[in-house]
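Just so you know, the sequence shown maps onto residues 168 to 369 in my numbering.
Heads up, the beta-carbon is just placed ideally off N, CA and C, and yes, glycines get one too.
These figures come from a predicted structure and were not determined experimentally.
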Amino acid sequence: MTHTVIVPGVGGSEHNHWQSILQRQLMSSCSRVQQSNWNLPILKDWVAEFVKTVAPIKDDIQIVAHSFGCLTTVAALAQHPELNSKVKNLVLVAPANPARFGNAGFARDSQNDYQAYFHQLKILAPTHLIISENDPWLEFQDALQLAKAWNLNPVNLGQVGHINVASGFGAFPELEKYLISEKPPKHINISDVNKYFFKFAI
């Protein structure tokens, strides 16, 4: 059995966010990293909560992260390499731009930013990086540079915003193809694909 760990970004993932929907679908085989303050993304604090959630899990793990949760996950696995052996699948969806964050949380409140730090990190777990062409939290060219730094071939979903509720995502059925599943994959007819892409707001 593979245990799934949900890692939300700033603000957490509300009830209708695809991460929350996925967690309800997986139920007992799923955990969520919680943060004491969802609106203050201080990396060291978020990494500590990540480790507190992941370290005790005995099963193999897949991690499904979104936005600043992606940065939290990559930093945590780099800083705690002993965790990498249990991570069998890592799905990073719409990562936030590390240049927008620093030691005090947001870069605007910090003396530095995390762009250089994250660009030199290495990802050891099998990883899917899912990006958007018009993500307000990470411009497309910056997303491609981040993918290159992490040595990943990104999955480009097109112009779908930040891949969250605001950009039209409730359920995210396409995510299933990137997850480890205990059941056979469900076939999605190509004629049904368009209904999964909705109007988005930036």
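For the pair VAL260 and ILE230, the CB atoms are not nearer than the 8 Å cut-off. In terms of CA proximity to GLY179, ALA232 leads the group LEU346, VAL241, ALA232 and VAL327. Within the same chain, Cβ atoms closer than 8 Å to the Cβ of ASN318 are found at LYS289 and ILE290, the five residues on either side in sequence being excluded. Between the region 277-284 and the region 331-351 there are fewer than three C-beta pairs closer than 8 Å, too few to call the two in contact.
Annotation: PRO248 to LEU238 spans about 15 Å, alpha carbon to alpha carbon. The C-beta of ASP302 has 16 or more other C-beta atoms within 10 Å across all chains shown, which makes the residue buried. Contact between VAL254 and ALA292 holds, with the beta-carbon distance rounding to 4 Å and staying under 8 Å. With a contact defined as Cβ atoms closer than 8 Å, SER234 and TRP304 qualify at about 6 Å.
Rounded to whole angstroms, the gap between the alpha carbons of CYS197 and HIS170 is 6 Å. Cβ-Cβ distances below 7 Å link ASN251 to LEU244, LEU291 and ALA292 in the same chain, with the five nearest sequence neighbours on each side left out; the list follows chain order. Take the alpha-carbon of VAL218 and the one of GLU300: they are about 31 Å apart.
Residue pairing of ARG199 in beta bridges, as defined by DSSP: ILE173.
A straight-line Cα-Cα distance of about 25 Å links GLU181 and ALA222.
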